[in-house]
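One structure below.
Protein chains: 2
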Amino acid sequence: MFEAILHGSAPVQRRAMAKAITLLESTRADHRQQADELLTALLPHTGRAFRLGISGVPGVGKSTFIEALGLHLIGQGHRVAVLAVDPSSSVSGGSILGDKTRMEHLSVHERAYIRPSPSSGTLGGVAEKTREAMLVCEAAGYDVVIVETVGVGQSETTVANMTDMFVLMQLPNAGDDLQAIKKGVMEIADLVVINKADLDAIAATRAQAQITSSLRLLGLHGNPDNAHHNELVWHPQVIQLSALQGLGVDAFWAKVLEFKKLQVSSGKQVTRRQNQALAWMWERIDAGLKQAFRQHPDVQTLLPKLTHEVLEGRMAASTAARNMLAAQTK
Amino acid sequence: MFEAILHGSAPVQRRAMAKAITLLESTRADHRQQADELLTALLPHTGRAFRLGISGVPGVGKSTFIEALGLHLIGQGHRVAVLAVDPSSSVSGGSILGDKTRMEHLSVHERAYIRPSPSSGTLGGVAEKTREAMLVCEAAGYDVVIVETVGVGQSETTVANMTDMFVLMQLPNAGDDLQAIKKGVMEIADLVVINKADLDAIAATRAQAQITSSLRLLGLHGNPDNAHHNELVWHPQVIQLSALQGLGVDAFWAKVLEFKKLQVSSGKQVTRRQNQALAWMWERIDAGLKQAFRQHPDVQTLLPKLTHEVLEGRMAASTAARNMLAAQTK
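Taken in order, these protein sequences are the chains called P and S. Position 204 of the first sequence, counted from 1, bears residue number 210 in the working numbering, the numbering being contiguous throughout. Position 136 of the second sequence, counted from 1, bears residue number 142 in the working numbering, the numbering being contiguous throughout.
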């Protein structure tokens with residue numbers, strides 16, 4: 007599988023990738039062992055892609071934009087992988103990338119690889135599988151990996167934490183930006199894209215001005231007059247485009263390259279990836295510790311009992327916690 | 007100590023409370039055992055106070071306001087405890103409530119009890135000690151407990167999660183509210199107070215209108231025309247006052263009582279406290295699991311090694327996490 011992923015002919019490689027990702031998504035212990043060995047073998051061949059996160063509410067035009075961008079990049083000689091993080095997929099049966107028909111030209115292109123969101127329950131679990139799938143794509147030579155998400159719960163933060171650049175797509179509606187500020191999404195966006203700008207040029211321009219001013223108030227947007235003072239610092243920007251008309255896709259990619267150049271030359275891309283890897287490691291440790299705790303027989307006996315005591319006000323929450331922690335280690 | 011806290015004369019009770027809180031803050035295992043026994047004994051005598059969280063940036067006038075409010079409440083026959091959550095206190099030596107001279111009249115009153123922030127390192131640790139101190143105050147018959155915090159990191163959320171009502175104090179400055187939205191504080195505020203309104207009435211009224219409109223955009227502020235449709239739902243409100251002049255303190259307390267009445271009659275106060283207790287229990291379990299993990303000898307050996315491998319890109323973060331989790335349980 008390792009050789010086929012790295013050097014297989016197009017169809018052989020594609021089959022090997024699908025097989026590897028299925029293995030990584032398996033919950034069987036022996037599969038997990040094999041998956042870890044495969045990951046470790048692939049790792050030296052990863053990390054050379056640019057990782058682009060894209061988020062936006064349903065209806066903002068993510069699929070249309072990703073298809074237009076993907077075809078544009080393939081035209082320039084890139085190979086493009088599209089992955090998705092959809093924590094709701096296990097419930098809804100997959101609300102994004104469920105049907106590839108939404109990217110009908112890109113999905114059939116031999117230089118593109120599209121994989122729907124894994125459907126394991128928690129956001130942490132979905133994120134882990136997507137991160138690992140990203141490494142498989144990179145080892146297979148895809149040099150642009152796009153990770154798409156809708157704004158469900160913490161999924162934007164999760165995607166921002168696994169990509170080199172995080173793009174927030176917005177509609178030209180006022181108020182939309184306040185929701186993004188409220189959810190802390192504006193804060194993590196490296197670039198804000200106002201899509202469907204062709205439908206209402208005045209609204210799009212007003213939204214661009216509003217979001218720019220919000221970014222400035224949030225202290226995220228630099229004063230352009232002082233730009234020469236900190237040439238190595240990227241300030242989030244706001245651009246307009248129309249994915250459906252194919253307008254602005256080249257300007258978007260130019261911004262991405264500008265960002266990438268700055269991040270690479272300042273060393274920030276390396277630092278960001280290292281911080282992401284450490285945070286990911288601890289996130290998985292936390293999840294594993296909690297799972298082991300919940301599965302401990304004594305905890306399983308005590309948990310419903312002490313939860314009841316706490317809810318009835320007969321035991322302090324901290325006392326209940328200490329009792330169960332002691333039971334687990336006894 | 008138990009009897010003295012419940013029924014001691016004023017000076018005896020005060021000494022017993024101080025002794026109990028010191029015991030609760032101790033890290034010695036035998037002290038912790040005694041502390042848990044004391045907590046469990048006190049618990050049936052707690053829960054009858056109203057728990058009020060107050061937050062605001064340094065300079066907003068929290069101490070002045072709490073002193074004015076405390077004296078007002080004492081005048082009405084209440085007994086008032088003031089606690090603080092200051093996660094920076096272990097570093098700075100205590101930036102809030104460090105000197106009681108800031109509440110000189112309240113601090114010497116026999117119907118008031120003021121306790122500075124515990125100085126244990128993490129926010130979780132500080133919060134735990136404050137929650138437990140709150141229970142001691144309640145058992146001693148204090149019927150209003152005020153928990154104060156400055157906006158450091160997640161401390162506002164922490165305080166909102168241990169109180170019945172969370173109040174955000176703001177200065178009459180534009181832009182201030184956007185910072186609060188960004189940090190998610192506006193979202194958790196039950197009431198927003200614009201202090202120092204006497205200094206600039208026009209700015210205060212503008213701030214009140216701006217924040218009200220932000221709350222409406224965030225979907226937190228109800229349409230007053232529809233108020234009769236959901237009489238049992240509280241919508242966050244914005245009021246002006248001047249703590250220094252003593253103006254608006256009675257109106258503030260009237261709002262608190264209005265909120266409290268609604269929460270009690272709708273059953274939301276009980277639900278909120280139960281949710282807080284469960285969240286607190288899990289927060290302490292998480293902290294305990296992580297501490298035990300870090301202290302495991304095999305983990306202590308592996309952690310620096312695998313962290314290095316992850317940072318150098320030779321091992322996937324999830325593989326490193328799995329290896330260490332396996333080492334701990336072996």
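Glycine residues also receive a C-beta, built at the ideal position from the N, C-alpha and C atoms.
Problem - Reduced DSSP category for residue 59/S - H, G, I as helix; E, B as strand; rest coil - result: strand
Exercise for the section: Answer with yes or no whether the minimum CB distance from residue 76/S to chain P is below 8 angstroms. Expected result: no
Exercise for the section: Determine, using beta carbons only, whether residue 97/S comes closer than 8 angstroms to chain P. Expected result: Unreliable placement is indicated for residue 97/S, whose pLDDT of 44 sits below 50; the coordinate value is still reported in the next sentence. By this cut-off, residue 97/S is not an interface position.
Exercise for the section: Enumerate in chain order the residues of its own chain whose CB-to-CB distance from residue 79/S is below 8 angstroms, with the five nearest sequence positions on each side excluded. Expected result: 86, 150 and 259
Practice task
Determine whether the Cβ of residue 280/S lies closer than 8 angstroms to any Cβ atom of chain P.
Solution key: yes
Problem - is_contact[residue 125/P, chain S] using C-beta, thresh 8 angstroms - result: no
Problem - Those runs of the alpha helix (DSSP H) which lie wholly inside the stretch 14-65 of chain P and span at least 4 residues - result: 16-31 and 35-48
Problem - Interface residues of chain P facing residue 191/S [CB-CB closer than 9 angstroms] - result: Within chain P, no residue comes near residue 191/S; the closest Cβ sits about 11 angstroms away, beyond 9 angstroms.
Problem - Same chain only: Cβ atoms within 7 angstroms of residue 289/S, ignoring 5 sequence neighbours per side - result: 130
Practice task
Identify whether residue 219/P lies in helix, strand or coil by the three-state DSSP scheme.
Solution key: helix
Practice task
Using a Cβ-Cβ cut-off of less than 9 angstroms, give me the residues of the stretch 283-295 of chain P that come near chain S, in sequence order.
Solution key: 283, 284, 285, 286, 287, 288, 289, 290, 291, 292, 293, 294 and 295
Handout entry: 6 angstroms CB neighbourhood of residue 240/S in its chain, flanking five on each side removed
Key = 265 and 268
Exercise for the section: Answer yes or no: do residue 88/S and residue 171/S have a C-beta to C-beta separation smaller than 8 angstroms? Expected result: no
Practice task
Kindly confirm or deny that the stretch 318-330 of chain P and the stretch 275-292 of chain S touch, where touching means at least three C-beta pairs closer than 8 angstroms.
Solution key: yes
Practice task
Give the interface partners of residue 313/P over in chain S, defined as CB-CB distance under 9 angstroms, in chain order.
Solution key: 284 and 287
Practice task
Taking only the alpha-carbon atoms, compute the straight-line gap between residue 249/S and residue 220/S and give it to the nearest angstrom.
Solution key: 24 angstroms
Problem - Unbroken alpha helix (DSSP H) run spanning residue 154/S, endpoints - result: Looking at the DSSP string, residue 154/S is not in any alpha helix (DSSP H); the run it does join, the beta strand (DSSP E), is 150-155.
Handout entry: Cutoff 8 angstroms: residue 27/S Cβ touching any chain P Cβ
Key = no
Exercise for the section: Measure the CB-CB distance between residue 116/S and residue 195/S and report whether it falls below 8 angstroms. Expected result: no
Exercise for the section: With residue 246/S as the anchor, note down where its beta strand (DSSP E) starts and where it stops. Expected result: 243-246
Problem - Min CB distance residue 208/S to chain P below 8 angstroms - result: no
Exercise for the section: Please classify residue 277/P: is it buried, with 16 or more other beta-carbons within 10 angstroms of its beta-carbon, or exposed? Expected result: exposed
Handout entry: Burial state of residue 26/S, where buried means 16 or more other Cβ atoms lie within 10 Å
Key = buried
Exercise for the section: Please work out which residues of its chain come closer than 8 angstroms, Cβ to Cβ, to residue 251/P, disregarding the five sequence neighbours upstream and downstream, and give them in chain order. Expected result: 204
Problem - Euclidean distance between Cα positions of residue 209/P and residue 68/P - result: 19 angstroms
Handout entry: Length at least 4, wholly inside the stretch 254-289 of chain P: the alpha helix (DSSP H) runs in chain order
Key = 255-271
Handout entry: Any chain S beta carbon closer than 8 angstroms to residue 22/P
Key = no
Exercise for the section: Could you name the residues of the same chain whose beta carbon sits closer than 6 angstroms to that of residue 70/S, not counting the 5 residues immediately before and after it, in chain order? Expected result: 249 and 250
Practice task
Could you please tell me which residues of the stretch 132-148 of chain S, in chain order, have their CB closer than 8 angstroms to any CB of chain P?
Solution key: 134, 137, 138 and 141
Handout entry: Beta-carbon contacts of residue 4/S that lie in its chain and below 8 angstroms, excluding the five residues immediately before and after
Key = No answer is possible for residue 4/S: it lies beyond the span of chain S, which begins at 7 and ends at 336.
Practice task
Flag residue 174/S as yes if its beta-carbon sits less than 8 angstroms from any beta-carbon of chain P, otherwise no.
Solution key: no
Handout entry: C-beta atoms of residue 214/P and residue 244/P nearer than 8 angstroms
Key = yes
Exercise for the section: Could you check the C-alpha separation between residue 57/S and residue 334/S for me, to the nearest Å? Expected result: 41 angstroms
Practice task
Name, please, each residue of chain S whose Cβ falls closer than 7 angstroms to the Cβ of residue 319/P.
Solution key: 49 and 53
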